[in-house]
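Colleague: The structure that follows is given in the form of structure tokens.
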Amino acid sequence: MTDLRLAPRTGREVRVRAPGKVNLSLRVGPRRPDGYHPLATVFQAVSVYEDVVASASADLRVTVSGPQADRVPTDASNLALRAARALAARTGIDEGVHLHLHKGVPVAGGMAGGSADAAAALIACDAFWGTALSREELHEVASELGSDVPFLLMGQTAVGSGRGDLLTAALSRGEYHWAFGVRDEGLATPAVFEEFDRLAAGREALDAGGDVALLQALRAGDAPALGALLHNDLQDAALELVPDLVETLAVAEDAGALGVVVSGSGPTVAALARSRQHALVIAAAMTAAGVADAVLTASGPVPGARVVAGSDVL
Ligand code: C5P
């Protein structure tokens, strides 16, 4: 038996990894009185990750690393800090924590990187402070933090309704391979929804039954069928704000993508590939044509925010 008193103390820390997401389908209804839009969406969590490490600190503080770290606020508006504060308030915790975020998901890219930070911070602080909230309680705190946060807790594949926070797990067979075209310049989600309103889209009530064929394709593991059914009601608004995206979509399509779509509120372009190798080919085509500032390849579905090996939870 190991004598814990003799074990080297490297400091207590909890490591959590949370994925980004792509909306395989995103249908948007007319703006509600509370300012949000009703959604009918199918989410897939993909293997582009945010890593969050919680460690001891007298106060609540956040640091950030990764390719676009300079674009992430570290003040009270940071979603991971807001998640820590929300959990502390709910559980009566009066302790600090240092959250370090290593960002792999594009910032303001429509892949929910900030929401992934919030989901990861919730899981990390819950383990670090030993508050042991139930899945339902975590979901409640998550949905107060943002519409996409509950899905990043859950991961895999899910149908979202309400403002995107009411989730039902969906069956999905096999592995789907993606190439992503990323822009340095992000898009603010509220601006894209405003443009959507301006284009007078969403005048009609939401067609909640619109994704039956897509869900069947997922159950069958039929990537070509899925590719043909990718859909995003926010795409025209994103293209209006970043007209160059038309070319990014076209280059990915010409490289043989099974389907192309703007991810969430954009401006990241998601291209569904036939295989992992084909995803690399599409990514290379986007790079060669100069239609993306960076490219990523990934696969999905993957699990939601979870504690990863190397953690030292006492
Ligand atoms: O929920 P979250 O804070 O991520 O949403 C950011 C913004 O996106 C909202 O303030 C709103 O302008 C817009 N939004 C919306 N309808 C949704 C989700 C988000 O209009 N269902």
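Residues 1 to 314 in the numbering used here are what the sequence shown lists, from first letter to last. The C-beta atom is built at its ideal place from N, Cα and C for all residues, glycine as well.
#1: Quick check: what's the CA-CA separation for R9 versus Q44?
#2: In whole angstroms, what is the alpha-carbon distance linking R12 and S65?
#3: Have a look at S25 and H231 and give me their C-alpha separation to the nearest angstrom.
#4: Could you check if R17 belongs to the surroundings of the ligand C5P, using beta carbon to heavy atom distance under 6 Å?
#5: Would you kindly work out how many angstroms separate the C-alpha atoms of D59 and A84, rounded to a whole number?
#6: Beta-carbon within less than 7 Å of A225's beta-carbon, same chain only, minus the 5 sequence neighbours each way: which residues are those?
#7: My output table needs one value for R173: the three-state DSSP class, helix, strand or coil.
#8: When we look at the beta-carbon of S275 and count the other beta-carbons within 10 Å, is it buried (16 or more) or exposed?
#9: Pull up the DSSP beta-bridge partners for A40, would you.
#10: Look up G114 in the DSSP assignment and say whether it is helix, strand or coil.
#11: When you compare the CB positions of G104 and V48, do they come within less than 7 Å of one another, or not?
#12: Identify the continuous beta strand (DSSP E) that holds T63 and give its terminal residues.
#13: From P33 to A285, what distance separates their C-alpha atoms?
Modeller: Reading from the atomic positions:
#1: Caution applies to R9, whose pLDDT of 41 falls short of 50 and renders its modelled position unreliable; the model cannot decide the point.
#2: If I take the Cα positions, the gap works out to 20 Å.
#3: Near 5 Å, if we compare the C-alpha coordinates of H231 and S25.
#4: Not under cutoff, so the answer is no.
#5: Near 11 Å, if we compare the C-alpha coordinates of A84 and D59.
#6: Setting aside the 5 residues that flank it on each side, A225 is surrounded in the same chain by A217, each with a C-beta closer than 7 Å to its C-beta; the list follows chain order.
#7: If DSSP states are grouped into helix, strand and coil, R173 belongs with coil.
#8: Under a 10 Å Cβ-count criterion, S275 is classified as exposed, with fewer than 16 other Cβ atoms of the shown protein chains found around its own Cβ.
#9: DSSP lists R27 as partners of A40.
#10: In the three-state scheme derived from DSSP, where H, G and I count as helix and E and B as strand, G114 is classed as helix.
#11: Closer than 7 Å, so yes.
#12: It spans 60-65 - the beta strand (DSSP E) in which T63 sits, taken as one unbroken run.
#13: For P33 and A285, the distance between alpha carbons rounds to 44 Å.
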